[in-house]
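Going by our numbering, the sequence shown opens with residue 147, and the numbers climb by one from there.
No residue lacks a Cβ here, since even glycine has one placed at the ideal position from N, Cα and C.
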Amino acid sequence: LRDTIGEHAKNTDGIMIVGLGNLYVTPDALGPKVVPEIEVTRHILEYMPKAMPEDTRPVSAISPGVLGITGIETMEILKGVVDNVKPKLLIVIDALASRSIDRISSSIQIADTGIVPGAGVENKRKEISKKTLGIPVIAIGIPTVVDLATVTNECIDIFIENLQEKAMS
């Protein structure tokens with residue numbers, strides 16, 4: 147992650163962390179739960195610069211919520227915030243849908259091409275990317291949800307494997 151950030155921002159460039167998702171829906175709450183854990187520094191550097199080391203990076207964070215609660219597309223919220231705060235890089239954290247039970251909470255996806263929120267659960271929202279915001283976007287995703295068809299498929303596969311093993315013995 148450090149290398150990916152280094153490809154897109156200098157050590158002193160401001161970064162904004164975005165926690166995507168719905169805090170009130172457990173498998174979608176990853177992003178909003180990460181934001182309070184981020185050590186934000188932008189405001190301290192702006193109002194009390196001597197309180198921080200000189201090489202401190204300005205970091206801000208936001209959890210914009212979801213369309214169903216805010217009535218506003220996440221992309222629209224982020225566009226307004228990015229235009230005003232002017233970070234050089236966005237790091238977006240989101241829960242992902244997986245096509246395998248084994249990947250749930252056991253893998254991390256990092257991409258520097260942005261993200262389309264909701265795409266994994268057939269609820270595509272507007273793309274969050276350099277193309278739409280004008281700054282690089284690194285997306286960090288962790289699979290936290292899998293659809294019932296996937297679970298059913300994997301259960302049937304395991305059942306068939308067990309039957310085959312019993313037939314061979």
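Contact between the stretch 229-246 and the stretch 272-281 is present: 3 or more CB-CB pairs across the two stretches fall below 8 Å.
Approximately 6 Å separates the beta-carbon atoms of residue 204 and residue 187; this is inside 8 Å, confirming the contact. Closest option to residue 257, judged by alpha-carbon separation, among 240, 250, 178: 240.
Within the model, the alpha-carbon separation for residue 163 versus residue 303 is close to 40 Å. DSSP, read as helix, strand or coil, puts residue 221 in helix. Judged by pairs of C-beta atoms under 8 Å, the stretch 240-249 touches the stretch 286-296, as three or more such pairs exist. For residue 147 and residue 311, the gap between their C-alpha atoms comes out near 43 Å. Taking the Cα of residue 271 as reference, the smallest distance to any Cα among 211, 199, 160, 151 is reached at 211. In this structure residue 221 is buried. Its beta-carbon is surrounded by 16 or more other beta-carbon atoms within 10 angstroms.
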